[in-house]
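Accompanying notes for the structure given below.
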Amino acid sequence: MSFAYFLRRAARYWGDQPAVLHRDRAVTYRQLDERSTRLANALRGLGFTPGARIAVQARNAIELVEIECALYKAGLVKAALNPRFTASEAADVVGNCTPIAFIGGRGYTHYTPDSPGFASVERFVSIGGVADGYLDYETLLAQGSDMMSDYTPTADDLAVLHFSSGSTGRIKAAMQSYGNRLASLRKIVLGMDRPAQPGDRLALIGPITHASGMLMQPYLFCGATLVLFDAFEPAHFLAEVARLRITHAFMVPAMINMVLNEPDLGHADLRSLKVLGYGAAPMAPARIEEAWSRIGPVLSQGYGASESTSGVTRLGIADHAHALLSDHARLASCGRPLGETEVRVVDANGREVEGDAIGEIVIRGADVFQGYWNAPELTREVLVDGWLHTGDLARTDDEGFIYLVDRKNDMIISGGFNVYPTEVEATLYRHADVLEACVVGVPDEKWGEAVKAVVVLKPSRDAQAADLVAHCRALLADYKLPRSVDFVAELPKNASGKIARKLVREQYWHGVARRVN
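Under my numbering, the first residue of the sequence shown is numbered 13, with each subsequent residue one higher.
Okay, structure coming up:
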């Protein structure tokens, strides 16, 4: 079985039904299968062989769905850049994964072979318009035959490089194989609270190069329609649910907060909505209760990571209902393991913890990734004896529900995006006025956590908070920017003279029950 087989079968079952909607454009299942086959053959016709990386950077568009399907069919590796990456970040990741081709959407066709990091790129392709030095996407697609690809993947073949910021301050690439992706599909389909069916419609609100894109293949497998959004505007989302009869959606908690603050919510028609999944960051129980009463009894939470290819635990709709009825504390849980994935919470010696003891979440299963691209030492740190060590600290109750407590590392999750303090600190240190910097996550009602910089300036320097934020904006994606800056005379140090980040962070979390928000 392969993704190519599933799509071919879907085209036979539901050929004239829409597979993807974006703005006023629709592509049917038959068209998606045919166009992705032609693209796969066109890419192979350029001499690209299985295992070669194809970099992609674009905002949500139907072509991104076609590209993913085509790369699966051709055995080429998708290396999708977050559309919010700066040129500096793009240079970093492209230079590391050395793609043979780059496909850019509108606003991302300024790269050339002379751009930093892009020396390996032999072909540049543009989506949605002509660009100098770029082959037009539709022209390329038309060059491919409609013959079914002869590529047959194995479970260990690399399928995707999934990029996220690394604990060292550099962006890392999680290697996800075909076996990982198929295991993820099985788990998502089998674990659906209210299974998707032909005619159902899934709203993909965030970048489909990011977490929400993991839902594309499972919902295509079920015959549902993917509805792509350009951006998240609460009023627009509510209107589209009513207009398009959207049945399924996935949000990060910050988006749900925005919906709850939207004046139109009170008279929105949400009767079609069957499931509103949320994840990528914990959600405050009070917000869960409010969302349940105002949006509807449709909430389902998941916990996972790019290293686990998708969610590994679920607090389903029935779990939410039970918690609201008789156990409010359970709303703080991220649920129980689902599917074939093993999840344990262990102490420093690898023994499972019991009662209120806190340990680290470790994961084992067919969906656990193959390691980090070009980072064997980092891979060895997180993959130990077949178990993925997440760095997330948690406890479990006697029914197997897992409760996130804190993070072993210092990662900040802001609006569902991972931010590593060392990356932001490294950027702050590039400002001429900064002597020392410590970046921490602080509680935030809208984003779950917000990035805060605590800074010591050099003597006689007078940089203001706005100056430092503007400096970071030129070098970092916007979700990594400090939302606030505190200036102090000195930062606390530990015995070895290192900045004591935990002490800096503690003052902002004093009195907060959970150390994730």
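For each residue, glycine too, the CB sits at the ideal point set by N, CA and C.
Would you mind stating whether residue i and residue j have Cβ atoms separated by less than 8 Å?
{"i": "Phe381", "j": "Asn72", "result": "no"}
{"i": "Leu480", "j": "Thr98", "result": "no"}
{"i": "Ile414", "j": "Gly460", "result": "no"}
{"i": "Lys90", "j": "Tyr384", "result": "no"}
{"i": "Leu197", "j": "Phe244", "result": "no"}
{"i": "Gln188", "j": "Ala171", "result": "yes"}
{"i": "Ile307", "j": "Leu343", "result": "no"}
{"i": "Gly428", "j": "Ala215", "result": "no"}
{"i": "Thr259", "j": "Asn94", "result": "no"}
{"i": "Tyr163", "j": "Lys85", "result": "yes"}
{"i": "Ser176", "j": "Ser318", "result": "yes"}
{"i": "Val324", "j": "Gly316", "result": "yes"}
{"i": "Ala223", "j": "Lys458", "result": "no"}
{"i": "Tyr290", "j": "Val253", "result": "no"}
{"i": "Arg257", "j": "Arg213", "result": "yes"}
{"i": "Arg495", "j": "Ala462", "result": "yes"}
{"i": "His248", "j": "Pro297", "result": "no"}
To the nearest whole angstrom, what separates the beta carbons of residue i and residue j, a pair I think is in contact under 8 Å?
{"i": "Tyr149", "j": "Val137", "result": "6 Å"}
{"i": "Gly371", "j": "Leu405", "result": "7 Å"}
{"i": "Leu55", "j": "Ala82", "result": "7 Å"}
{"i": "Gly235", "j": "Tyr25", "result": "6 Å"}
{"i": "Trp304", "j": "His334", "result": "Rounded, the Cβ-Cβ distance is 12 Å, inconsistent with contact."}
{"i": "Val516", "j": "Val452", "result": "6 Å"}
{"i": "Leu202", "j": "Gly351", "result": "6 Å"}
{"i": "Ala22", "j": "Tyr41", "result": "5 Å"}
{"i": "Gly107", "j": "Gly129", "result": "3 Å"}
{"i": "Thr110", "j": "Arg65", "result": "7 Å"}
{"i": "Val468", "j": "Glu502", "result": "6 Å"}
{"i": "Val9", "j": "Ile373", "result": "In this structure the chain extends from 13 to 529, so residue 9 is not present and cannot be described."}
{"i": "Met295", "j": "Ile268", "result": "7 Å"}
Distance check for residue j and residue i, CA to CA, integer angstroms please.
{"i": "Thr408", "j": "Pro349", "result": "11 Å"}
{"i": "Thr61", "j": "Gly87", "result": "7 Å"}
{"i": "Ser338", "j": "Leu327", "result": "15 Å"}
{"i": "Ala507", "j": "Asp422", "result": "Note that Ala507 has pLDDT 47, beneath the 50 cutoff, so the model's placement of it is unreliable and the number below is only indicative. Rounded to the nearest angstrom, the two C-alpha atoms are 19 Å apart."}
{"i": "Ile375", "j": "Met228", "result": "23 Å"}
{"i": "Pro455", "j": "Met160", "result": "52 Å"}
{"i": "Leu493", "j": "Val271", "result": "23 Å"}
{"i": "Pro504", "j": "His522", "result": "17 Å"}
{"i": "Leu531", "j": "Asn53", "result": "Any answer about residue 531 is impossible in this case: the structure gives the chain only from 13 up to 529."}
{"i": "Asp368", "j": "Gly218", "result": "35 Å"}
{"i": "Ala131", "j": "Ile74", "result": "28 Å"}
{"i": "Met13", "j": "Ala475", "result": "59 Å"}
{"i": "Asp359", "j": "Arg419", "result": "14 Å"}
{"i": "Leu19", "j": "Leu152", "result": "21 Å"}
{"i": "Lys514", "j": "Ala102", "result": "31 Å"}
{"i": "Ala438", "j": "Ser320", "result": "28 Å"}
{"i": "Ala208", "j": "Val436", "result": "40 Å"}
{"i": "Ile139", "j": "Val77", "result": "12 Å"}
{"i": "Leu282", "j": "Asp242", "result": "20 Å"}
{"i": "Gly178", "j": "Ala186", "result": "Low confidence applies here, because Gly178 scores a pLDDT of 45, under 50, leaving its location unreliable and the question unanswered by this model."}
{"i": "Phe499", "j": "Leu440", "result": "13 Å"}
{"i": "Thr237", "j": "Ala449", "result": "47 Å"}
{"i": "Asn361", "j": "Thr353", "result": "21 Å"}
{"i": "Val357", "j": "Arg35", "result": "44 Å"}
{"i": "Asn430", "j": "Ala378", "result": "24 Å"}
{"i": "Tyr190", "j": "Arg50", "result": "21 Å"}
{"i": "Val394", "j": "His174", "result": "16 Å"}
{"i": "Ala482", "j": "Asp410", "result": "49 Å"}
{"i": "Gly63", "j": "Ile115", "result": "17 Å"}
{"i": "Gly59", "j": "Lys199", "result": "35 Å"}
{"i": "Lys510", "j": "Gly314", "result": "36 Å"}
Run the CB neighbour count on residue i, radius 10 Å, all protein chains shown included, and call it buried at 16 or more, exposed below.
{"i": "Thr402", "result": "buried"}
{"i": "Asp45", "result": "buried"}
{"i": "Pro275", "result": "exposed"}
{"i": "Phe262", "result": "buried"}
{"i": "Ala31", "result": "buried"}
{"i": "Ala280", "result": "buried"}
{"i": "Gln69", "result": "buried"}
{"i": "Lys464", "result": "buried"}
{"i": "Ser345", "result": "buried"}
{"i": "Glu134", "result": "exposed"}
{"i": "Ala80", "result": "The residue you asked about is not Ala; residue 80 is Glu in the sequence shown. Glu80 is buried by the Cβ-count criterion."}
{"i": "Asn273", "result": "exposed"}
{"i": "Val497", "result": "buried"}
Based on the DSSP output, what are the partners of residue i in its beta bridges?
{"i": "Gly116", "result": "Gln69, Ser138"}
{"i": "Pro30", "result": "Thr40"}
{"i": "Met263", "result": "Tyr290"}
{"i": "Asp456", "result": "Gly460"}
{"i": "Pro349", "result": "Thr325"}
So is residue i in contact with chain D if we call contact Cβ pairs under 8 Å?
{"i": "Glu46", "result": "Absent here is chain D; the protein component of the structure consists of one chain."}
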